[in-house]
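Only one structure is covered here, and it is reproduced in the block below.
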Amino acid sequence: MTKIMAITNQKGGVGKTTTTVNLAASLAVAKQRVLLIDLDPQGNATMGSGIEKRDLEITVYHVLLGTKTIVEARKKSETGKYDVLPANRDLAGAEIEMVDFSQRETRLRDALQLVAENYDYVLIDCPPALNLLTLNGLCAAKSVMIPMQCEYYALEGLSDLVNTIRKVRASLNPVLEIEGLLRTMFDPRNTLAQQVSDQLQAHFGSKVYRTVIPRNVRLAEAPSYGVPVLYHDKASKGTQAYLALAGELLNNAAKSATSA
Ligand code: ATP
Ligand code: MG
15 MTKIMAITNQ KGGVGKTTTT VNLAASLAVA KQRVLLIDLD PQGNATMGSG
65 IEKRDLEITV YHVLLGTKTI VEARKKSETG KYDVLPANRD LAGAEIEMVD
115 FSQRETRLRD ALQLVAENYD YVLIDCPPAL NLLTLNGLCA AKSVMIPMQC
165 EYYALEGLSD LVNTIRKVRA SLNPVLEIEG LLRTMFDPRN TLAQQVSDQL
215 QAHFGSKVYR TVIPRNVRLA EAPSYGVPVL YHDKASKGTQ AYLALAGELL
265 NNAAKSATSA
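Numbered according to our numbering, the sequence shown spans residues 15 to 274.
Structure follows, in structure tokens:
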């Protein structure tokens, strides 16, 4: 069954896009068929996948408006070996243009039905806001991955997000669950980071991924070359961490398949 995951956190700059791009590439290396959906008008995941956002005629914007299908809009990431439903700044207008649409929260879910079974994983990179685009991501997804930095205000933001997920589950998408919390840009020498990490584990237990993403400059450099870190510096700590995260997800999926 296709795993459809929204990578989301309304807080900006926590590593959503870095996680989406590098997890997509790491799952593709493990022979998984992956579709990355860029739901952010910034188009960072599109560019990080080696696709020039300014040259695109058809994007996720047209899919949400219903004028094009995902089959018409998707592109291949030559540098990451997965498919991309790309975005650019056109998407910023979608929210207003969809105001009068009925069922405007489920446009992505409906469009995805056409292609979902061609993929093992669909990863949705959400913008840093709890807006209609993110809601479309949460309605299309079966689970949510929450990247977060272990800093003072992180837990507060997290409770807002958990409340939103509860509301979406109650009204729009009853199957939605938290897939896991991912500690990003982690520095084990930072005492506060360690404390927040301990609190996270105390609150969320096994929902916190064992894999931790360290702060690693190679991860920050790779987008400027339009490649996932795996193809920028294979031996880097960033590469190893995202390969480990892909391994953890595949292991979890195998375990739940045998227990089902
Ligand atoms: P936004 O909310 O704007 O969409 P985001 O949550 O998608 O941001 P990213 O764009 O992935 O966050 O990361 C923010 C910045 O931090 C980027 O410059 C990225 O290259 C850098 N970065 C992300 N993860 C790491 C890491 N583990 N080590 C070092 N730099 C990182
Ligand atoms: Mg982003």
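Positions of the beta carbon are idealized from the N, C-alpha and C atoms, including for glycine.
Since this is a predicted model, take the numbers as computed values, not measurements.
Across which residues does DSSP place G194 in a beta bridge pair? M159
DSSP three-state assignment for K181, whether helix, strand or coil: helix
Hey, could you find the ends of the alpha helix (DSSP H) I51 is sitting in? Premise fails: I51 lies in the beta strand (DSSP E), 48-52, not in any alpha helix (DSSP H).
Under 7 Å from any heavy atom of the ligand ATP, does the C-beta of T32 make it? yes
What are the boundary residues of the alpha helix (DSSP H) that I138 is part of? Here I138 belongs to no alpha helix (DSSP H); instead the beta strand (DSSP E) covers 135-139.
In angstroms with no decimal places, state the Cα-to-Cα distance between E92 and V222. In this structure, the straight-line span from the alpha carbon of E92 to that of V222 is close to 32 Å.
With DSSP collapsed to three states, give me the class of S173. In the three-state reduction of the DSSP assignment, S173 falls in the helix class.
With distances taken from CA atoms, which of K25, D54, A155, L195 is nearest G219? The residue with the shortest Cα to Cα distance from G219 is L195.
Looking at Q56 and the ligand MG, is the gap between the Cβ and the nearest heavy atom below 7 Å? yes
Could you tell me which whole alpha helix (DSSP H) segments of length 4 or greater appear in the segment 42-106? 58-62, 74-79, 84-87
Return yes when the C-beta of A234 is under 7 Å from any heavy atom of the ligand ATP, and no when it is not. yes
Regarding I227 and the ligand ATP, is the C-beta to nearest heavy atom distance less than 7 Å? Flag set: Cβ of I227 near the ligand ATP.
With burial defined as no fewer than 16 other Cβ atoms inside 10 Å of the residue's Cβ, what is the status of D69: buried or exposed? exposed
Can you tell me where the beta strand (DSSP E) holding A20 begins and where it ends? 17-21
Quick check on the burial criterion: 16 or more other C-beta atoms within 10 angstroms. Buried or exposed for Q117? exposed
Measure how close the beta-carbons of P161 and N23 come, nearest whole angstrom, since I'm counting them as under 8 Å. 6 Å
Determine which residues share a DSSP beta bridge with V222 and list them. L195
Using only CA atoms, which one of G94, D54, T33, V85 lies nearest to Y239? G94
Whether D52 touches V98 by CB criterion (8 Å): yes
So, at 6 Å on beta carbons, what are the nonlocal neighbours of K89 in its own chain, with the 5 sequence-adjacent residues on each side left out? I65, V98, P100
Determine the direct distance from the alpha carbon of Q163 to that of A234, and round the result to whole angstroms. 15 Å
For T32, tell me which candidate among L186, L206, T198 has the shortest Cα-Cα distance. T198
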